[in-house]
Amino acid sequence: QVQLEESGGGLVQTGGSLRLSCAASGGTFINYVMGWFRQAPGKEREFVANIRWSSRSTAYAEAVKGRFTISVDNSKNTVFLQMNSLKPEDTAVYYCAAAVLGQSYNNWGQGTQVTVSS
Numbered sequence: 019q020v021q022l023e024e025s026g027g028g029l030v031q032t033g034g035s036l037r038l039s040c041a042a043s044g045g046t047f048i049n050y051v052m053g054w055f056r057q058a059p060g061k062e063r064e065f066v067a068n069i070r071w072s073s074r075s076t077a078y079a080e081a082v083k084g085r086f087t088i089s090v091d092n093s094k095n096t097v098f099l100q101m102n103s104l105k106p107e108d109t110a111v112y113y114c115a116a117a118v119l120g121q122s123y124n125n126w127g128q129g130t131q132v133t134v135s136s
């Protein structure tokens, strides 16, 4: 059973940086796409970024392009989200998710809170 555990959230000032980690276990992820999503209070969960484990191809939401970078460390089975130039509107609970290529995301972590103060 695939398990995902996020870490690295916290409180940061506008313009600051954070790096989120998602430790993945319980599967062989070469055929997976790994994603980061976020949910702000009173809003629906939204896509942030994803990466194909095998090809390392990436995709980003327009709101985070040029500021966030998603990456994978094979040796640690961990997905990272480097977040720079943070803005108050980035405040949300960030979730890691996994999907077999061509299928929907059906594995989710518990989430980690990111708060950006103005």
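Heads up: the sequence shown begins at 19 in the numbering used here, then just goes up one per residue. From the three backbone atoms N, C-alpha and C, an ideal C-beta is built for every residue, glycine too.
Quiz item: Do Ala58 and Thr109 have their CB atoms nearer than 8 Å?
Solution: Your numbering for residue 58 matches position 40 in the sequence shown. Your numbering for residue 109 matches position 91 in the sequence shown. Their beta carbons are under 8 Å apart, which means Ala58 touches Thr109 by this criterion.
Quiz item: Helix, strand or coil: how does DSSP classify Ser93 here?
Solution: Indexing the sequence shown from 1 puts residue 93 at position 75. Of the three classes helix, strand and coil, the one that applies to Ser93 here is helix, per DSSP.
Quiz prompt | Chain-order list of residues whose beta-carbon lies under 6 Å from that of Gln21 (same chain, five-residue window excluded) | solution = Reading the sequence shown from its first residue, position 3 is the one you call residue 21. Only Ser43, Gly44 meet the Cβ criterion.
Quiz item: Per DSSP, Phe47 forms a beta bridge with which residues?
Solution: Position 29 of the sequence shown holds residue 47. Paired residues: none, contrary to the question.
Exercise. Please go through the same chain and pick out, in chain order, the residues whose beta-carbon is closer than 8 Å to the beta-carbon of Leu119, but skip the five residues on each side of it.
Key: Start at 1 with the first residue of the sequence shown, and residue 119 comes out as number 101. Closer than 8 Å at the Cβ level, and outside the excluded window around Leu119, lie Asn49, Tyr50, Val51, Arg70.
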